[in-house]
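What follows is one structure encoded as structure tokens, with my remarks underneath.
2 protein chains.
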Amino acid sequence: MVNSSFKALSHPIRRQIVERLAAGPATVGEVTGDFGVSKPAISKHLKVLEESGVVTRVIDGRNHVLSLRTETLDEATDWMVRQREIWTRLFDVVEDHLKEEQR
Amino acid sequence: MVNSSFKALSHPIRRQIVERLAAGPATVGEVTGDFGVSKPAISKHLKVLEESGVVTRVIDGRNHVLSLRTETLDEATDWMVRQREIWTRLFDVVEDHLKEEQR
DNA sequence: CGAACTGTTAACCATTTAGTGAACTGTAGC
DNA sequence: GCTACAGTTCACTAAATGGTTAACAGTTCG
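Which chain is which? The protein sequence lines are A and B, in order.
Position one of the first sequence corresponds to residue 1 (this note's numbering), numbered consecutively onward.
Position one of the second sequence corresponds to residue 1001 (this note's numbering), numbered consecutively onward.
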């Protein structure tokens, strides 16, 4: 699932949609915003977000209401944070080593 | 730059390379590992990682030594963490609202 | 009912991506 | 000098991506 999350986030339009939805649920029309692309293009991006598990959709009359599936995004975030912890630790080791040498 | 970082991380092989490099610098041969793909394929993945600013390369004799450019990855990590903070806050608001209603 | 509205599907196109094998560049070491 | 080694570049393919317009499906409302 981490796989498809990163793929979903690899397009600027999709990231902007996620940014919008992080602030709360919205309809397709609302997330469409002012990207200079057609409705079918947005529709496809939403499909990618949905199939990757990043977004869910609830149909309400003629509106489709979109929400973030935060659990999915949490997984991807955790991967990044975990890597950061690892390379930060490494950096500290190097730092310590340099301090050691200065003495 | 956040753009290309996510794109760089959108392929499982490239993420595994990043995982390897998070633990410390390594040569091309070392990161190649046991993905079932040819050397040219790895070479291309490394090019993507390098051009996206995620990885740097220092040539030492006939070995190319790769390292993570952590600043670049920090940007992407920060984007994710920032979004998480936003949707977490939203979640708390909903939580509070539900508690409010239970009373 | 019929028109307007919200959104998707279908068919198509151009570009990018991910992979391949073969050939090449440069370094190491006998 | 020659061979082995580390890695890239080239030329090519197949599939995926991102976009388009045109047509469709369902909902709302006068």
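Here a beta-carbon is modelled for each residue, glycine too, at the ideal position from N, C-alpha and C.
Checklist entry - Taking only beta-carbon atoms, is B/Leu-1049 less than 8 Å away from chain A? => result As a working note, residue 1049 of chain B is residue 49 in the second sequence. Judged by the 8 Å Cβ criterion, B/Leu-1049 is not in contact with chain A.
Checklist entry - Which residue from B/Thr-1072, B/Arg-1084, B/Glu-1071 and B/Thr-1070 puts its Cα closest to that of A/Ala-76? => result Taking the first residue of the first sequence as 1, we reach residue 76 of chain A at position 76. Out of B/Thr-1072, B/Arg-1084, B/Glu-1071 and B/Thr-1070, B/Arg-1084 has the C-alpha closest to the C-alpha of A/Ala-76.
Next on the checklist: Give me the DSSP bridge partner(s) of B/Leu-1068.
Outcome noted: Here residue 1068 of chain B is taken as the residue at index 68 of the second sequence, counted from 1. Beta-bridge pairing links B/Leu-1068 to B/Val-1055.
Checklist entry - alpha helix (DSSP H) containing B/Ala-1022: first to last residue? => result Walking along the second sequence from the start, residue 1022 of chain B turns up at place 22. 1012-1022 is the extent of the alpha helix (DSSP H) around B/Ala-1022.
Checklist entry - In this structure, does DSSP put A/Asp-34 in helix, strand or coil? => result Residue numbering aside, residue 34 of chain A sits at position 34 when the first sequence is read from its first letter. Three-state result, A/Asp-34: coil.
Next on the checklist: With a threshold of 8 Å between beta carbons, is B/Pro-1040 in contact with chain A?
Outcome noted: Numbered from 1 along the second sequence, position 40 holds the residue referred to as residue 1040 of chain B. By this cut-off, B/Pro-1040 is not an interface position.
Item to check | Given A/Asn-3 as reference, the closest of A/Ser-52, A/Glu-30 and A/Asp-78 once Cα atoms are compared | outcome: Residue 3 of chain A sits at position 3 when you count from the first residue of the first sequence. The shortest Cα separation from A/Asn-3 among A/Ser-52, A/Glu-30 and A/Asp-78 belongs to A/Ser-52.
Item to check | Environment of A/Ala-8 [buried if 16+ CB atoms lie within 10 Å] | outcome: As a first step, residue 8 of chain A must be located in the first sequence, where it is residue number 8. Buried is the call here.
Item to check | Whole-angstrom distance between A/Glu-19 and B/Ser-1067, CA atom to CA atom | outcome: As a working mapping, residue 1067 of chain B is identified with position 67 in the second sequence. As a working mapping, residue 19 of chain A is identified with position 19 in the first sequence. Each residue's alpha carbon lies about 31 Å from the other.
Next on the checklist: Can you check which of these residues, B/Thr-1027, B/Ile-1017 and B/Pro-1012, is closest to B/Asp-1060 by C-alpha distance?
Outcome noted: Stepping through the second sequence from its first residue, residue 1060 of chain B is reached at position 60. If we check each option's Cα against that of B/Asp-1060, B/Thr-1027 comes out closest.
Item to check | Cα-Cα separation between A/His-64 and B/Phe-1006, rounded to whole angstroms | outcome: For the purposes of this step, residue 64 of chain A is identified with residue 64 of the first sequence, where counting begins at 1. For the purposes of this step, residue 1006 of chain B is identified with residue 6 of the second sequence, where counting begins at 1. Looking at the two C-alpha atoms, the distance is approximately 27 Å.
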